[in-house]
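Here the sequence shown is numbered in my numbering, starting from 20 and rising by one per residue.
Worksheet for the structure shown next.
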Amino acid sequence: MRVGRSRGVIARQGALYLLLIALAVVYIYPFLVQVATSFKPDAEAAVSPVSLFPATVTWAAYERLFLNSDFPVWFANSAVVTVLVTLGRVFFNSLAGYALARLRFPGRGIVFAAVIAVMSVPTVVLLIPKFLVINQLGMYDSYTGMVLPLLVDAAGVFIMKNFFESIPTAVEEQARIDGAGVFRTFWSVVLPMARPALVTIVILSFQGSWNELSHFIVSTQSPELTTLTKGVASLASGQLSQGSQYPLKLAAAAIMTIPVAVLFFVFQRRIMNASQGAVKE
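So, in structure tokens, the structure goes:
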């Protein structure tokens, strides 16, 4: 009986693993096609766009991107904006989250309700108001207009507030007894304990700002301020040449995925890990 049951368990586990492998292949296959096609000549990519093994391997698409296009400028713009937005969100989201979690002030519940409400509003609804505000403040078509509206996001504030509420107040009480003010307590005591939440904010902010498109469409128009998302989107209209341009487009898309993938794989084990040994009560 036990042998039969163990065989049944092994069979179910084997079937589950096969299902998971099949799902993984379905999920990963488009990415593999993207990378493989980026090394194909244009003619071969048009004839067999979904094959994983190029008959002729060529770096022509990458050479054209870096040597005969504005791709380096797009990459630099995205890098600058992403770094600034990520740093700003880590700082301002943590400040706002700590204020909502610990400080007592009139209207705190209303402010938090507004944060929740903003999270439920589709981004496309805010595009026209965002353009009007940016234009009215004289920030249109500038790095300021690209960065400033993205420095705080409701989801980040929500994450930081919930994490700060999970930290025992005894830690802050001890700091206040030692003479630390509100900001010193936040900066020197509480914020280092929120490292898992900060890592999560870094990853989400980096990914969100790196892949942002709609905001940059309404905030800029100069070619010198084009980001990767806008530039790659323009390739679909045949900006650099005629034809399908499959290798060119997919090479640009493959390069775009590298920074986010590296960041995720470096920090994935630390996303929202529970803090341990913070205080003993």
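Yeah, the Cβ is synthetic: ideal placement off N, Cα and C, and Gly gets one too.
Do you know whose CA, among the options, lies nearest residue i's CA?
{"i": "SER207", "options": "ALA173, LEU114, SER224 and PRO278", "result": "LEU114"}
{"i": "ALA173", "options": "PHE202, MET138, ALA199 and GLN32", "result": "MET138"}
{"i": "ILE222", "options": "VAL102, THR163, ALA252 and LEU151", "result": "VAL102"}
{"i": "THR77", "options": "ARG83, PHE94 and LYS59", "result": "LYS59"}
{"i": "PHE85", "options": "ILE135, LEU267 and ARG195", "result": "LEU267"}
{"i": "SER228", "options": "THR105, GLY175, PRO141 and VAL52", "result": "THR105"}
{"i": "GLY157", "options": "GLU192, THR239 and PHE182", "result": "THR239"}
{"i": "THR248", "options": "PHE283, VAL237, ALA272 and ALA194", "result": "ALA272"}
Just confirm the distance between the C-beta atoms of residue i and residue j, as a whole number of angstroms; I'd bet it's less than 8 Å.
{"i": "MET165", "j": "PHE235", "result": "6 Å"}
{"i": "SER57", "j": "LEU269", "result": "4 Å"}
{"i": "GLN226", "j": "VAL143", "result": "No, GLN226 and VAL143 are not in contact; Cβ-Cβ is about 19 Å, not under 8 Å."}
Distance check for residue j and residue i, CA to CA, integer angstroms please.
{"i": "ARG203", "j": "ASP197", "result": "11 Å"}
{"i": "ALA98", "j": "GLN32", "result": "44 Å"}
{"i": "MET275", "j": "VAL281", "result": "11 Å"}
{"i": "LEU244", "j": "ASP160", "result": "8 Å"}
{"i": "PRO68", "j": "LEU42", "result": "21 Å"}
{"i": "TYR162", "j": "TRP93", "result": "13 Å"}
{"i": "ALA316", "j": "LEU151", "result": "A question about residue 316 goes unanswered here, because the residues of the chain that appear run from 20 up to 300."}
{"i": "LEU167", "j": "GLN155", "result": "14 Å"}
{"i": "GLU300", "j": "ALA132", "result": "The pLDDT assigned to GLU300 is 42, lower than 50, so where the model puts this residue is not dependable; a value taken from the coordinates is nonetheless given after this. So the alpha carbons of these two residues sit roughly 32 Å apart."}
{"i": "PHE242", "j": "VAL100", "result": "Note that residue 242 is Pro in the sequence shown, not Phe. If you take the alpha carbons of PRO242 and VAL100, they lie about 15 Å apart."}
{"i": "SER25", "j": "TYR36", "result": "16 Å"}
{"i": "ALA2", "j": "PRO49", "result": "With the chain running from 20 to 300 in the structure shown, residue 2 is simply not present."}
{"i": "VAL298", "j": "VAL251", "result": "Bear in mind that a pLDDT of 42 at VAL298, under 50, signals an unreliable position, so the number given afterwards is only what the model happens to contain. If you take the alpha carbons of VAL298 and VAL251, they lie about 49 Å apart."}
{"i": "VAL176", "j": "PRO215", "result": "14 Å"}
{"i": "GLY107", "j": "VAL171", "result": "7 Å"}
Worksheet item: Which ranges does the beta strand (DSSP E) cover as unbroken runs of at least 3 residues, wholly within the region 52 to 82, from first to last along the chain?
Response: Segments of the beta strand (DSSP E) lying fully in the region 52 to 82: there are none.
Worksheet item: Which ranges does the alpha helix (DSSP H) cover as unbroken runs of at least 4 residues, wholly within the region 126 to 168, from first to last along the chain?
Response: Within the region 126 to 168, the complete alpha helix (DSSP H) runs of at least 4 residues are 127 to 138, 146 to 155 and 162 to 166.
Worksheet item: Which runs of the beta strand (DSSP E), 3 residues or longer, sit entirely within the region 160 to 211?
Response: none
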